[in-house]
Amino acid sequence: MIALMLGWMLSYRLSDTIRRPLLQLSRLMAVDGSVSATGSAQAFEAPNSVVFNPKDEVGQIGQRFLHMMQKNHELYGQVYEALLSRKQAEFRALQAQINPHFLYNTLESLKGMALANGQRDMAEVIGAFGKCFRISLSYGREQISLGQEVEHVSAYVKVQQFRFRNSFEWICEVEEDICGFYVPKLILQPLVENAIYHGLKGRTDRGYIMLSGTREGDMLRLTVSDDGGGIGAERLNDIRKSLDAERGMLLALGCAMCMNVFGIMVRNMDCP
Numbered sequence: 001m002i003a004l005m006l007g008w009m010l011s012y013r014l015s016d017t018i019r020r021p022l023l024q025l026s027r028l029m030a031v032d033g034s035v036s037a038t039g040s041a042q043a044f045e046a047p048n049s050v051v052f053n054p055k056d057e058v059g060q061i062g063q064r065f066l067h068m069m070q071k072n073h074e075l076y077g078q079v080y081e082a083l084l085s086r087k088q089a090e091f092r093a094l095q096a097q098i099n100p101h102f103l104y105n106t107l108e109s110l111k112g113m114a115l116a117n118g119q120r121d122m123a124e125v126i127g128a129f130g131k132c133f134r135i136s137l138s139y140g141r142e143q144i145s146l147g148q149e150v151e152h153v154s155a156y157v158k159v160q161q162f163r164f165r166n167s168f169e170w171i172c173e174v175e176e177d178i179c180g181f182y183v184p185k186l187i188l189q190p191l192v193e194n195a196i197y198h199g200l201k202g203r204t205d206r207g208y209i210m211l212s213g214t215r216e217g218d219m220l221r222l223t224v225s226d227d228g229g230g231i232g233a234e235r236l237n238d239i240r241k242s243l244d245a246e247r248g249m250l251l252a253l254g255c256a257m258c259m260n261v262f263g264i265m266v267r268n269m270d271c272p
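Per our numbering, the very first residue in the sequence shown carries number 1; after that it's consecutive.
Printed below as a string of structure tokens:
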């Protein structure tokens with residue numbers, strides 16, 4: 001009888017050593033370790049009542065499962081923070097669009113008022129300014145089609161012609177079949193601005209500014225030219241030298257901006 005009781009106690013003790021870790025493991029599996037449940041993206045902590053003995057097989061399984069839950073919680077936290085950052089970025093982007101849309105609507109209203117009062121020239125300038133502003137933003141894009149770039153610079157020229165009382169003529173000869181290619185945004189406007197303010201400076205008669213665009217093999221050739229007095233040989237030599245300099249006299253001209261844009265694009269393309 002005593003032997004039977006001892007055997008029963010030993011078997012109960014043995015079964016309890018197996019049953020208890022399994023119950024703890026089951027209790028741990030019932031815990032929701034997601035960020036939405038814990039309300040925190042910090043490291044996951046198991047309930048105090050769950051303790052595993054690393055010396056037995058079930059305890060080792062429990063510890064590994066706990067480690068897996070901790071890693072999953074870290075991933076939950078990363079995804080949660082990424083989604084939160086995305087929502088914040090979308091909200092900031094929406095805020096950034098409010099002012100441009102307000103400006104577009106205001107310009108359209110002014111354009112309508114000008115047309116209603118018979119001021120067609122004023123309406124065209126306001127429309128050109130709105131188009132220039134809209135394309136220059138391009139919803140944050142760094143590259144736009146050549147057709148859009150030509151449209152932008154033509155709108156810019158329209159505004160400048162109004163400002164300078166049509167003191168120069170604008171000629172645009174860009175091949176239609178290359179207008180679908182993408183180019184860095186605002187790559188032409190600084191060159192045209194340079195031609196207006198420097199190339200035609202001091203002229204009393206009507207000047208000409210021309211934009212030409214052709215395809216040469218796998219490259220595009222875009223040329224901005226004017227019939228102004230040109231640049232002296234010494235000054236031109238200084239400008240050419242400054243093309244390779246970090247800073248120089250070229251910084252005052254539109255060419256510097258274009259060179260910087262191309263430099264940034266090349267560096268970005270070189271990055272893995």
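Virtual Cβ for every residue (Gly too), placed ideally from N, Cα, C. As the structure is a computational prediction, the values presented were derived from the model and not from experiment.
Query: Limits of the alpha helix (DSSP H) - the one that Glu149 falls within; Result: 146–163
Query: Sequence-distant residues of its chain with Cβ nearer than 6 Å to Thr223 (five each side left out); Result: Ser212
Query: For Lys111 and Val125, the rounded distance between their alpha carbons; Result: 9 Å
Query: Coil, strand or helix - Leu186 by DSSP; Result: coil
Query: Below-7 Å beta-carbon distance, Ile144 vs any chain D residue; Result: Absent from the structure is chain D; it holds one protein chain and no more.
Query: Burial state of Lys241 (16 or more Cβ within 10 Å); Result: exposed
Query: Assigned secondary structure, Arg221 (DSSP; H/G/I helix, E/B strand, else coil); Result: strand
Query: Reference His101; option with closest CA among Leu137, Ile144, Gly228, Leu25; Result: Leu137
Query: Opening and closing residue of the beta strand (DSSP E) in which Ser212 lies; Result: 207–216
Query: Per DSSP, cross-strand counterpart(s) of Ile171; Result: Met210
Query: For Gln143, three-class secondary structure by DSSP; Result: strand
Query: Paired residues, beta bridge with Asp226 - DSSP; Result: Ile209
Query: Whole-angstrom distance between Val159 and Arg153, CA atom to CA atom; Result: The sequence shown places Val at residue 153, not Arg. Their backbone Cα atoms lie some 10 Å apart in a straight line.
Query: Helix, strand or coil at Asn105 according to DSSP, with G and I counted as helix; Result: helix
Query: Reduced DSSP category for Asp56 - H, G, I as helix; E, B as strand; rest coil; Result: coil
Query: Rounded straight-line distance, which links the Cα of Leu66 to that of Leu75; Result: 14 Å
Query: Ile231 (DSSP reduced to helix, strand or coil); Result: coil
Query: Exposed unless 16 or more other CB atoms sit within 10 angstroms - verdict on Val192; Result: buried
Query: Contact belief for Gly130 with Glu108 at Cβ below 8 Å, rounded distance in angstroms; Result: 7 Å
Query: Residue span of the alpha helix (DSSP H) that contains Leu137, given as start and end; Result: 120–137
Query: Integer-rounded CB distance, given that Leu200 should sit under 8 Å from Gly228; Result: 5 Å
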